[in-house]
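Encoded as structure tokens, the structure appears first; notes follow it.
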Amino acid sequence: MKWKLLVAVAVVLAFLGLLFFTEQGRRYAISLGSLTRSFTSTVGNFIGSFVKVPSGNEFSFELNLNKEAIYGQSFSFSNAGFEAFGKILSLKIDGKTWEIGEKVKVELVGSGEISIGNDGKLSLKSDTNLLKLDSWKTSNVKVEMEIIAESFSMNNAKADLINTTQASGNANKKLDDIELKVEFDKANLKVENFLGTIELKEKLKLSGTATNIEINGKKI
36 MKWKLLVAVA VVLAFLGLLF FTEQGRRYAI SLGSLTRSFT STVGNFIGSF VKVPSGNEFS
96 FELNLNKEAI YGQSFSFSNA GFEAFGKILS LKIDGKTWEI GEKVKVELVG SGEISIGNDG
156 KLSLKSDTNL LKLDSWKTSN VKVEMEIIAE SFSMNNAKAD LINTTQASGN ANKKLDDIEL
216 KVEFDKANLK VENFLGTIEL KEKLKLSGTA TNIEINGKKI
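The sequence shown begins at 36 in my numbering and counts up by one.
Right, here's the structure in full:
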């Protein structure tokens, strides 16, 4: 049994000698090392594309607010669906101006940004995969639009900061198995790192995740 062990050790030492003390062995070692590093990097990138590292401080929430709470706010969106109904004030499609001036249903899928003015007007810029105005539709166009929206909804909306005053309604925060509900009236509301869904009808509903919510300067 011992002689088999000695033979195995001798074979390993001989292999290492060939690997590091001959020109051909050194070239093989370098090639093998590069291949190993490349394989490790590829596997790491492959796994990283599927595994999302949690930030550790996000929580789920829902806000039910007065409609005016969204005035003055801006959001970006990526590969998202957007839908609105209202009167189009201005419209450009691939740089060409369109005259609409009436209420229509707008639907699009794409990426871009929206902002809501203090007067309630909604401005949108988007690279769209699909655009529909009532029954008319087109695809793969750039859109710039201003609309007085009676209602709108969108998913994958993102905002680093939502900061609004005179917000009335309630907030529901859920972290693990703990759920907290807070009601407030005409409050200063701040939401940090929002990602989720916006629904605006008679009332405003925001739902998704955030890292911080403050009401009148107090965290909930």
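C-beta atoms are modelled at their ideal positions from N, C-alpha and C, and glycine is treated no differently.
For clarity, every value in this text was computed on a predicted model and none was experimentally measured.
Item	Value
Short CB-CB distance (under 8 Å) between S203 and chain D	The structure shown has no chain D; it contains just one protein chain.
Alpha-carbon to alpha-carbon, E214 and F94	10 Å
CA-to-CA distance, I248 to L196, given in whole angstroms	10 Å
DSSP three-state assignment for E148, whether helix, strand or coil	strand
Of the residues N175, I182 and F219, the one placed nearest N101, counting alpha carbons only	F219
Straight-line Cα distance separating N114 from A245	20 Å
Cα-Cα separation between N175 and N164, rounded to whole angstroms	5 Å
Expected contact under 8 Å - CB spacing of G155 and Y106 to nearest Å	6 Å
Beta-carbon contacts of K236 that lie in its chain and below 6 Å, excluding the five residues immediately before and after	S186
Between the CA atoms of L166 and K225 - distance to the nearest angstrom	33 Å
N-terminal and C-terminal residue of the beta strand (DSSP E) that E237 is part of	Per DSSP, E237 belongs to no beta strand (DSSP E) and is neither H nor E.
Any non-hydrogen atom of the ligand PLP within 7 Å of L143 CB	Of ligands this structure carries none, so the ligand PLP is not represented either.
Beta-carbon proximity check, G231 vs G243, cutoff 8 Å	yes
For F120, the nearest candidate out of K138, G130 and K131 (CA to CA)	K138
Element boundaries [beta strand (DSSP E), containing G204]	V176 to L210
Span separating the alpha-carbon of E134 from that of K127	9 Å
E118: first and last residue of the uninterrupted beta strand (DSSP E) it sits in	S109 to I128
Residue environment, S161, which counts as buried when at least 16 other CB atoms sit within 10 Å	buried
Alpha carbon of I255 to alpha carbon of K240, nearest angstrom	18 Å
Which of helix, strand or coil DSSP assigns to E103	helix
Secondary structure of G231, DSSP reduced to three states	strand
Identified DSSP bridge partners for N247	E227
Length of the line joining the Cα atoms of K208 and F96	4 Å
Spatial distance of Q108 from K238 (CA atoms)	16 Å
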